[in-house]
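Heads up: the structure comes next, in structure tokens.
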Amino acid sequence: MSSVTDSLVFRHIFSTPVSAAIWSDECRTKYYLEFEAALAEVQAELGIIPPKAAVAIRSKCDISLIDMQELGAETVRIGYPVLPLVKQLVRLVNEVEPGLGEWAHWGATTQDVTDTATVLQLRDTCSIVSESLNGITSALRALARKHAATPMPARSNLQQAVPMTFGFKMARLLATFQRHQQRLSEILPRLLVLEFGGAAGTLATLASTGKAMEVQAALAQRLGLEAPDIAWHTERDRIAEIGAFFALVTGTCAKFALDVKLLMQTEIGEVSEPYAPHRGSSSTMPQKRNPISSVYITAMASTVKQLSATLFDAMVEDHERSTGPWEIEWIVLPQMATMTHATLMHTQALIEGLEVHPEAMRKNLELTRGAIVSEAVMMGLGPMIGRQVAHDLVYDVCRELAQEKDSQRSLFDFLCDHKGITESGIEKEQLERLCYPANYTGLSEEMTYRVTGRG
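Written out as structure tokens, the structure reads:
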């Protein structure tokens with residue numbers, strides 16, 4: 001196979017069965033046929049075409065009656081799939097009664113059918129994406145609540161910064177995915193819009209009937225879409241926007257995957273991907289347990305991001321019907337949609353099965369022998385000797401601590417021996433409390449529950 005999303009080996013990694021089905025030739029062609037059937041029925045109801053023609057057209061808008069091999073060959077010859085499909089449909093309807101097939105595709109143009117089918121495919125994609133987002137937020141909510149008080153090091157520039165809780169880290173991720181849920185709900189009304197305007201979008205073919213706008217409105221309603229305020233053949237912001245959303249949501253997945261990869265490093269070991277026999281194992285190093293799900297998430301998110309940029313190129317379309325940019329969407333949307341859903345599914349499975357290691361987090365909190373709470377000490381001393389003076393004092397103590405790499409002495413021990421600290425007036429018990437990392441997680445728990453609720 002030429003594409004990983006079609007590959008027998010890779011397709012269930014870089015795609016999913018449900019998303020692949022949505023973007024298959026069969027599904028796309030079914031939506032072409034649904035457009036043609038709905039158009040005929042609406043026009044018959046409005047007295048534009050004979051009712052018996054609409055009945056015959058509906059009866060033949062059946063994917064099982066379409067010769068897909070012929071459709072493929074004729075698409076190569078003609079350049080677009082809609083005309084050869086309409087030719088087959090006309091031929092099938094004429095078998096019912098000669099001449100009835102001529103009423104098919106009445107007043108429509110190729111792009112009307114194509115764009116509307118694409119919108120319907122994107123509607124189905126957004127439905128499964130929404131389901132995945134619901135699964136992810138549910139799993140994150142449970143994980144964040146469970147570890148709301150589990151202390152761990154926060155990291156800045158890959159260095160230990162100050163203590164926080166693992167629940168706080170997961171709640172930040174949860175809040176981001178909740179924003180994505182909101183974004184999707186805001187995007188859908190702009191995305192789920194019918195395209196039906198004829199050759200240049202003016203509905204000229206139906207204008208003489210006096211019912212062109214009624215046809216458009218009724219067709220939109222029948223297909224479960226909104227009627228457009230005006231034709232959008234070469235105004236592609238709807239498509240670019242959903243592509244940008246796919247890049248945003250997979251980017252969030254990739255940020256999480258990167259953190260998992262870093263936290264899974266042998267020297268850190270604070271989390272592990274879900275265990276399955278031999279998953280992520282090396283062919284030569286039996287001890288390895290590679291972050292394989294995170295690797296796939298990162299790769300797909302990067303690909304979706306790159307593909308989304310091409311949709312902005314596709315916005316630059318000439319006049320009322322374009323010469324090329326439109327076809328960019330045909331190439332990248334199936335890949336983006338299937339990879340986005342696959343990325344979300346990998347992410348959901350990763351969150352649901354994530355192994356958290358609080359003991360490693362505690363061990364890492366002790367790695368600096370207390371330096372991780374130097375800020376707490378500085379702020380504790382600040383009211384007594386001034387914040388900047390306290391900063392410089394604690395900075396010097398931390399330097400001494402770092403230089404004695406083989407020493408078992410802690411920051412607390414060094415502070416107790418420092419004249420500037422002992423003369424500051426701070427009590428030893430207060431100093432000891434300041435040097436305990438779990439006491440300096442700030443509002444980690446409160447903020448976690450503000451996002452998750454207490455359940």
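In terms of UniProt numbering, the sequence shown opens at residue 1 and continues consecutively. Cβ coordinates follow ideal geometry from the N, Cα and C atoms, glycine included.
Closest in alpha carbon position to Q348, among V119, A257, K211 and A337, is A257.
Around the beta carbon of T422, fewer than 16 other beta carbons lie within 10 angstroms, which makes this residue exposed. Using a Cβ-Cβ distance cut-off of 8 Å, the stretch 302-309 and the stretch 240-253 are in contact, since at least three pairs of beta carbons, one from each stretch, lie closer than that value. In this structure the stretch 153-165 does not touch the stretch 222-240; the number of beta carbon pairs closer than 8 Å is below three.
Sorting N290, E131, R77 and F196 by C-alpha distance to the C-alpha of T110 places F196 at the top. Excluding residues up to 5 positions away in sequence, I57, R58 and C61 lie with their Cβ nearer than 7 Å to the Cβ of A37 in the same chain.
If the five residues before and after L143 are omitted, its C-beta is found closer than 6 Å to the C-beta atoms of M170, all from its own chain and listed in chain order. Secondary structure at P84: helix, using DSSP grouped into helix, strand and coil.
Less than 8 Å separates the beta-carbon of V82 from that of T114. In the DSSP secondary-structure assignment, V356 is bridged to V271.
Per DSSP, V55 lies in no beta strand (DSSP E); the unbroken alpha helix (DSSP H) holding it starts and ends at P51 to K60. Burial of N364 is indicated by the presence of at least 16 other C-beta atoms within 10 angstroms of its C-beta.
Proximity of the stretch 378-392 to the stretch 424-437 meets the contact definition, three or more beta-carbon pairs being nearer than 8 Å. In the three-state reduction of the DSSP assignment, V9 falls in the coil class. Taking a C-beta distance under 8 Å as the contact criterion, C253 and L344 qualify as a contact pair.
Between the C-alpha atoms of Q43 and R28 there is a straight-line separation of about 23 Å. Fully enclosed alpha helix (DSSP H) runs of no fewer than 4 residues occupy 325-353 of the stretch 308-360, in order along the chain.
Within the DSSP secondary-structure output, E226 pairs in a beta bridge with V193.
Exclusion of the five residues before and after L333 leaves no residue of its chain whose Cβ lies closer than 6 Å to its Cβ. Its Cα nearest to that of D25, the residue Q69 stands out among I48, Q69, L140 and V4. Taking C-beta atoms as the reference points, P274 and G353 count as a pair closer than 8 Å. DSSP, read as helix, strand or coil, puts P17 in helix. Ranked by how close their Cα comes to the Cα of Y31, the residues L194, S7, C416 and T448 have L194 in first place. Residue environment analysis places V86 among the buried positions, since at least 16 neighbouring C-beta atoms fall within 10 angstroms of its C-beta.
With a 10 Å radius around the Cβ and a threshold of 16 neighbouring Cβ atoms, G224 comes out exposed.
Only buried fits H105, as 16 or more other CB atoms lie within 10 angstroms of its CB.
Contact fails between the stretch 438-447 and the stretch 389-403, because fewer than three Cβ pairs, one in each stretch, are under 8 Å apart. Cβ neighbours of V373 within its own chain (closer than 6 Å, five residues either side excluded): C435, P437 and Y440. One Cα belongs to Y80, the other to I331, and the distance between them is close to 13 Å. One Cα belongs to S156, the other to P189, and the distance between them is close to 40 Å. Residue range P151 to S156 is occupied by the beta strand (DSSP E) that includes M152. Excluding the 5 residues flanking it on each side, L401 has same chain C-beta neighbours closer than 7 Å at R369, A371, L411 and F414, in chain order. Residue range D237 to L263 is occupied by the alpha helix (DSSP H) that includes A247. M164 is bridged by DSSP to M152.
Using a 10 angstroms sphere on the CB of Y395, the tally of other CB atoms stays under 16, which defines it as exposed. Boundaries of the alpha helix (DSSP H) around M379: S374 to I385.
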